[in-house]
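Protein chains in written order, with full-length UniProt numbering: chain A, 1 to 327; chain B, 1 to 364; chain C, 1 to 326.
Built from N, CA and C at the ideal position, the CB exists for glycine as well.
Presented below is the structure to which this report refers.
Rendered as structure tokens:
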């Protein structure tokens, strides 16, 4: 296994109390595999990724338990110096907002080249040549001329390509993409996702795709982990999950998106609001919003039950949900 | 509702150019951002018109023009036959009661230093004739109830609510004056998926309850289809194709619409292999420098000589004229032809393409 | 709703928040009673507004109460100095020059043999008057001009921006030397006038910037779509959201104005003896800091406490006006 997160717990200490952002998350990615982590805001999907990358702000954040095994080594036991060497070279991150993730006063060529200068000890000239190569690789037209341009001179889609080029510069084994196409228009989104998928196949990277968009997930992911209130509520191969969700939250999400191919009746809406992380409901965190909730859901926190060897659902009634009333 | 019903809003030749100037005291115009560049549509009573397009296509400017937040450079917006773009003072204030807006960002559309009661009640302060003074508080609480919020929340401040709840507060404010038209500019795009559905259902319910007509502006094509009776697809300040929802989604004839629809990620992994994506080359040109002829030609795979010199009109294309069926609708393309690009979800179906010539008359 | 509790708040608004705020505060007081009338007994209790909530908050804030107490005391001393100090600040006895504390003179005597306690008490009037009035004038002029320029933009904004640039180029002390040396009147008014003249561009620039920020929010567009007038948008939507930086800068400026009065008096162009002010006393005592530190300590201490009280009060008011911090 390339990356294995085991029982990770992250808290945030704020003025008003302790927010439990991640409460025992476990997932794994193999090389060449795409794992989509799906969740709404506050589900803990980005915090988990930041913990894996080692870019969590501490304080206010604090990892209170768990392991992050990368190629067999527990990253949480490494010194900051060693983690820094891994970051960038062995694992890289693509952010949602490329404009703020790129330095506005350094040309894109220098920013790309810096990776080679710092991690590979290349000369400035060689690094510049590699930068042009990379820009061509992510299909930026006129790369040789544009290498001296600054981030604001590129369109949103082009900037996201530069972010991808930067992440892939040192051919890392693992790439984490946090909402990489959310800020982009549909037509550009398609270009960027295609590019990312193609490069992933080519380099056989493990890819963690963090998103809230069920459409994007269906298009590119192999496996999917659905997060709610800092826990994984369902984990499954992507086709199985869309065919028959085994958790009422996943089912609710799938039913609540309008369809492109036909005009529907009233949308199914999950009632209520996502929980306050400072005051997560006891038992199953989803029970106040769940149409299937029983007494046991209010008291007993469900474990991630094995639905099949490759599937898990954190619902006491996963069987009923899986075979449940037709959508 | 049929588009032929009594029009409540008629927009013709709407243009909004923002001058680009240079110099501090003595400004010199050096160009213009052509944000809206000739838009026509009508909105029937009780109807929902969806306007889709990518960022920078001018759809938000259209919303501002409809609500009189900006003055158009040219063109007319007729509300029940009266051109509202030339109004000012008292007459303008009166018209404003009838057209209200719901904003995209629930975090900046509510004044953080006003209580919810003050926010929803403000329309009555501005239009005292709309509600007698003693009755306002009851009305505010009623409105909160209508949009699904606890009426006891009047004394709370916006930051105490989640995004979805804030959007409900914004909708309650929009409803206070009992408008006939609501312009919603990306009303759910800032919300989480599970909350989006709640707000869309709310808008649906309010439409029948209050007999509202909607102009629904969004970039999410699935949501627009769900809520709209008719759809207009905008590109670089113009509507490229317009028609009933099934005409646009199932029988698009404009290449831009086809590319847009084919790019939408569909939440169905089975559709992955069946769909044919049209990947457009390049980026949207700058609205300061719009291509001659057809404005889409720089990214269009069908572009020919004629597209450079002749602006295609938004009308039923020559090829379909006199025909019948869903492909016969307004499309601003010289070489319009039908192409089905949206894969059917769930049930397996035939190849995505192959229905192109369904209506017999191909391009001349 | 009784009118009385609002009074201190309005006084505070007047010192720190400038003109637009002042109007907003009085609007709140006039609008407030209306809904509180027959419907005030509804299931939800009294309707609340930003201003009443802020006041509820302030009443429970110990920092605010302490600062308010200090300021009330200062105002009292400025109005009736004879209530706590006997004798005249101008009766001096050279024989007692630089003497330590004695009966009737708990703070000792300065170089001229004047009673430091009496002079510090009497000096409060000048310093508080100059500080409060200069800040008030600067804030009103600066926030009205800056706020209007920021809100309406266009040509007036361009002209105002150039004017503020010109004023920023004038060195304050040099300007004071030139302008005030031609004035013969030995009162606080020319000093205050000079400070307002040179101080407003600072507030104006800040007010303009924060109004432009506030203007871009969608809630301003929403109010406009409802048909709200410019006055209403400025008072209800923009002023409360743009006022925080103005309060902060104004309260800090208040301290610098008191200090500037001292500087100008020290240079001989501000107030001249026989006027009494902390500035005159500080400058007079500073050469003898080794022999008679008490003569310097008490007026400077009074100055420091005054400035601190206003700054912390400004801080408390700013926090109370931000619902997110409750």
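Report the residue ranges of all alpha helix (DSSP H) runs contained in full by the region 278-310 of chain A; include only those spanning at least 4 residues, in chain order. Runs of the alpha helix (DSSP H) lying entirely within the region 278-310 of chain A and spanning at least 4 residues, in chain order: 295-299.
Look up residue 109 of chain C in the DSSP assignment and give the residues it is bridged to. Beta-bridge analysis with DSSP links residue 109 of chain C to C/115.
Roughly how many angstroms lie between the CA atoms of residue 158 of chain C and residue 33 of chain B, to the nearest whole one? Just so you know, the alpha carbons of residue 158 of chain C and residue 33 of chain B end up roughly 23 Å apart.
Kindly list, in the order they appear in chain C, the residues whose Cβ is closer than 8 Å to that of residue 122 of chain B. Ordered by position in chain C, the residues that pass the 8 Å Cβ test against residue 122 of chain B are 223, 226, 228 and 236.
Starting from the Cα of residue 199 of chain B, find the closest Cα among A/69, A/311, A/270 and A/66 and give me that residue. Between residue 199 of chain B and the set A/69, A/311, A/270 and A/66, the nearest pair of CA atoms involves A/270.
What are the start and end residues of the alpha helix (DSSP H) that includes residue 262 of chain B? Segment 255-263, the alpha helix (DSSP H) holding residue 262 of chain B.
Using only alpha-carbon positions, find the residue among A/201, A/59 and A/73 that is nearest to residue 1 of chain A. Out of A/201, A/59 and A/73, the CA that lies nearest to the CA of residue 1 of chain A is found in A/73.
Leaving out five residues on either side along the sequence, give the residues of the same chain with a beta carbon under 8 Å from the beta carbon of residue 227 of chain B. For residue 227 of chain B, where only same-chain residues beyond five positions count, the Cβ hits under 8 Å are 48, 50, 200, 203, 204, 214 and 216.
Is residue 243 of chain B close to chain A, meaning its C-beta is less than 8 Å from at least one C-beta of that chain? No, residue 243 of chain B does not count as interfacial toward chain A.
Which residues in chain A have a C-beta closer than 8 Å to the C-beta of residue 221 of chain B? List them in chain order. Residues of chain A whose Cβ lies closer than 8 Å to the Cβ of residue 221 of chain B are, in chain order, 186 and 260.
My assumption, with CB atoms under 8 Å, is that residue 149 of chain C sits in contact with residue 160 of chain C. Please give the rounded CB distance. Contact flag correct, Cβ pair sits at about 4 Å.
Inter-residue spacing [alpha-carbon to alpha-carbon] between residue 100 of chain B and residue 143 of chain B: If I take the Cα positions, the gap works out to 15 Å.
Rounded separation between residue 10 of chain C and residue 193 of chain A - CA only: With a pLDDT of 31 at residue 10 of chain C, under the threshold of 50, the modelled position of that residue is not reliable, and the figure given next carries that caveat. So the alpha carbons of these two residues sit roughly 58 Å apart.
Give the single residue among A/105, A/225 and A/63 whose Cα lies nearest to the Cα of residue 150 of chain A. Ranked by Cα distance from residue 150 of chain A, the first of A/105, A/225 and A/63 is A/105.
What are the residues that DSSP puts in a beta bridge with residue 27 of chain A? According to DSSP, which records beta bridges pairwise, residue 27 of chain A is partnered with A/5.
Give a yes or no on whether 8 Å exceeds the smallest Cβ distance from residue 327 of chain C to chain B. Nothing about residue 327 of chain C can be read from this structure; chain C reaches only from 1 to 326.
Selection from C/241, C/239, C/212 and C/277 that minimises the alpha carbon distance to residue 257 of chain C: When only C-alpha atoms are compared, the closest one is C/277.
Please check the pair residue 25 of chain A and residue 311 of chain A, which I expect to be a contact at CB under 8 Å, by giving their CB distance rounded to whole angstroms. About 17 Å separates the two Cβ atoms, so there is no contact after all.
Out of A/36, A/69 and A/58, which has the shortest C-alpha to C-alpha gap to residue 3 of chain A? For the residues A/36, A/69 and A/58, the minimum Cα distance to residue 3 of chain A belongs to A/69.
Restricting to Cα atoms, I'd like to know which of C/309, C/204, C/268 and C/104 is closest to residue 128 of chain C. Check the Cα spacing between residue 128 of chain C and each of C/309, C/204, C/268 and C/104: the tightest is with C/309.
Does any CB atom of chain C fall closer than 8 Å to the CB of residue 98 of chain B? Interface annotation, residue 98 of chain B: not in contact with chain C, CB-CB separation never under 8 Å.
What is the DSSP secondary structure of residue 230 of chain B, counted as helix, strand or coil? Under the three-state reduction of DSSP output, residue 230 of chain B falls in the strand class.
Alpha-carbon to alpha-carbon, residue 140 of chain C and residue 393 of chain C: Because chain C spans 1 through 326 in this model, residue 393 of chain C falls outside it and cannot be assessed.
Using a Cβ-Cβ distance cut-off of 8 Å, determine whether residue 22 of chain B contacts chain C. With 8 Å as the cut-off, residue 22 of chain B does not count as an interface residue toward chain C.
Give the C-beta separation of residue 138 of chain C and residue 195 of chain C to the nearest angstrom, bearing in mind that I take them to be a contact with Cβ-Cβ under 8 Å. Indeed they touch by this definition, with Cβ atoms about 7 Å apart.
Simplified DSSP assignment, three categories, for residue 344 of chain B: Here residue 344 of chain B sits in coil by DSSP.
Could you tell me whether the region 183-191 of chain B touches the region 17-33 of chain A, where touching means 3 or more Cβ pairs closer than 8 Å? They do not touch, by the three-pair rule.
Identify whether residue 152 of chain B lies in helix, strand or coil by the three-state DSSP scheme. Here residue 152 of chain B sits in helix by DSSP.
Residue-level contact to chain C via CB, residue 139 of chain B, 8 Å cutoff: Closer than 8 Å: no.
Within this structure, are the beta carbons of residue 56 of chain A and residue 18 of chain A separated by less than 8 Å? Taking the C-beta atoms as reference points, residue 18 of chain A is found no nearer than 8 Å to residue 56 of chain A.
Do we get a CB-CB distance below 8 Å when we pair residue 15 of chain C with the residues of chain B? Note that residue 15 of chain C scores 31 on pLDDT, short of 50, meaning its location in the model is unreliable; the coordinates nonetheless yield the value given after this. Cβ-Cβ to chain B under 8 Å: no for residue 15 of chain C.
Please classify residue 243 of chain B: is it buried, with 16 or more other beta-carbons within 10 angstroms of its beta-carbon, or exposed? Residue 243 of chain B comes out buried.
Pull up the distance between the alpha-carbon of residue 221 of chain A and that of residue 52 of chain B, whole angstroms please. Between the C-alpha atoms of residue 221 of chain A and residue 52 of chain B there is a straight-line separation of about 27 Å.
Using the C-alpha atoms, what's the distance from residue 125 of chain C back to residue 199 of chain C? For the pair residue 199 of chain C and residue 125 of chain C, the Cα-to-Cα distance works out to about 21 Å.
Should the region 203-216 of chain C be called in touch with the region 268-284 of chain C, which here means at least 3 C-beta pairs below 8 Å? With the cut-off at 8 Å, the region 203-216 of chain C and the region 268-284 of chain C do not touch.
Whether residue 176 of chain A touches residue 208 of chain A by CB criterion (8 Å): Yes, the Cβ-Cβ distance between residue 176 of chain A and residue 208 of chain A is below 8 Å.
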